[in-house]
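Let me begin by presenting the structure, written as structure tokens, before commenting on it.
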Amino acid sequence: MRVDEMKRLLAGIPFAVFTLSAFLATRSDAKLETIEQVIPGVWFRQGDLDQYGHCNNIVIEMKDYLLVVDANYPSGARALMADIKTISSKPVKFVFDTHHHGDHAYGNPLWTQAGATTFAYRGVAEEMRRYEPARWRADAARRKDVAELNLDTAEPPRQTFDQSPYVIDDGSRRVEFYFFGWAHTRGDGFVYLPKEQVLCTGDAVTNGPFNGMGDGYVANWPKVVHRARQLKVKYVLPAHGPSGGTEILAGEEQFLTTIYGTVKKAIGQGKRLEDLVEMKDGQPVKAKLQLADAVQHWVGSFYPGQISDIYQEIAQAKPRGEITGGK
0 MRVDEMKRLL AGIPFAVFTL SAFLATRSDA KLETIEQVIP GVWFRQGDLD
50 QYGHCNNIVI EMKDYLLVVD ANYPSGARAL MADIKTISSK PVKFVFDTHH
100 HGDHAYGNPL WTQAGATTFA YRGVAEEMRR YEPARWRADA ARRKDVAELN
150 LDTAEPPRQT FDQSPYVIDD GSRRVEFYFF GWAHTRGDGF VYLPKEQVLC
200 TGDAVTNGPF NGMGDGYVAN WPKVVHRARQ LKVKYVLPAH GPSGGTEILA
250 GEEQFLTTIY GTVKKAIGQG KRLEDLVEMK DGQPVKAKLQ LADAVQHWVG
300 SFYPGQISDI YQEIAQAKPR GEITGGK
């Protein structure tokens, strides 16, 4: 999640149809900043985005070590390290960055200092080269946990891969790492446990109104989610929002398809951006465009910005991330 998207949050049919009340019940039962076992050997820790800016983390137990999904912010990394001590005496050997945003990768130095190897799809390192050190410095100016590391820029993953899936198999458990295409970022990684049918989605799939689109390719994003849905999945562990099942994947795809199609239709009718969102000081602050009730679980404070991002992507005929960061 980008710094400017966090500011927006703080400021402001092949698809199944689901009831909002069911999702809200799931959200209300969630325990933030608490690690809980999903299945034997797999733990889920839902980060508190509003208070700390943390993403969710997943811990996967292998025979002789642990694998962590997402480095988090430094404060989130420290909190997870403390929680890990309560569930296992095994060392963390690998930390997988699902993408380059600060709440997923800025904790990298703490993990490598602790002896772990950080790794990611190659697009994550490429995105860091594209956007750093500007974003690191912006976060250091507003976050004590980033500033106190006294580093000039973000630490990229120590290893990358470009063949999907990349596989780690120690004989006790097989873990597959996928890149299905440009969605939330150009490096979006998924983590899949085929035997256990567990899918960790990063920010490519969230359970709630957390879809930052500024670095994304919104036209392609639903296709990425659809590819992920082809895996045999029982447990979905998103990077924001509670864990759940395949309804999260289906609902995310439906939301992305709906919002993109609605904005595209409005543009086809000759609507201007100002007809779709209220602007203040050059920033979208209030949406005038309504979406169907079926996707309201994914509609929140980001919504005006999402409309603006999609409008720009369509109007300029290029992925929104290219508008932000170039090719």
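Heads up, the sequence shown is in numbering that gives the first Met the number 0, so the first residue is 0 and it goes up one at a time.
We put the CB at the ideal spot given by N, CA and C, even for glycine.
Using DSSP with H/G/I as helix, E/B as strand and the rest coil, what is Asp274?
For this step, residue 274 is matched to residue 275 along the sequence shown. Note: Asp274 maps to helix in three-state DSSP.
Three or more C-beta pairs below 8 Å linking the stretch 258-267 and the stretch 229-239:
no
Mind checking which residues open and close the alpha helix (DSSP H) that includes Thr368?
Summary: the structure shown does not reach residue 368, with the chain confined to residues 0 through 326, and so no result is reported for it.
Which same chain residues, not among the five before or five after Gln158, have their C-beta less than 7 Å away from its C-beta?
In the sequence shown, residue 158 corresponds to position 159, counting from 1. Thr116 and Phe118, listed in sequence order.
Element boundaries [beta strand (DSSP E), containing Pro283]:
For the purposes of this step, residue 283 is identified with residue 284 of the sequence shown, where counting begins at 1. Element bounds for Pro283: Gln282 to Ala286.
Residue range of the beta strand (DSSP E) that Trp42 falls in?
As a position in the sequence shown, residue 42 is number 43, starting the count at 1. Its beta strand (DSSP E) spans residues Val41 to Arg44.
Nearest to Arg61 by CA position, among Lys89, Asp69, Gly325 and Gly244, is which residue?
By one-based count along the sequence shown, residue 61 stands at place 62. Note that residue 61 is Met in the sequence shown here, rather than Arg. With distances taken between Cα atoms, Met61 lies closest to Lys89.
Could you check what DSSP says for Leu236 in three-state terms: helix, strand or coil?
For the purposes of this step, residue 236 is identified with residue 237 of the sequence shown, where counting begins at 1. DSSP places Leu236 in strand when its eight states are reduced to three.
Quick one: Cα of Thr97 to Cα of Asn210, how far?
As a position in the sequence shown, residue 97 is number 98, starting the count at 1. As a position in the sequence shown, residue 210 is number 211, starting the count at 1. About 15 Å.
For Arg343, the three-state DSSP class (helix, strand or coil)
In the structure as shown, the chain starts at 0 and stops at 326, and residue 343 therefore has no counterpart that could be examined.
Report yes if the C-beta distance between Ile38 and Cys199 is below 8 Å; otherwise report no.
Stepping through the sequence shown from its first residue, residue 38 is reached at position 39. Stepping through the sequence shown from its first residue, residue 199 is reached at position 200. The Cβ-Cβ distance between Ile38 and Cys199 does not fall below 8 Å.
Could you tell me the alpha carbon to alpha carbon distance between Ser74 and Arg319, rounded to whole angstroms?
Numbered from its first residue, the sequence shown carries residue 74 at position 75. Numbered from its first residue, the sequence shown carries residue 319 at position 320. Between Ser74 and Arg319, the C-alpha separation is close to 30 Å.
Mind listing, in chain order, the continuous beta strand (DSSP E) runs of no fewer than 3 residues lying wholly within the stretch 125-176?
158-160 and 165-168
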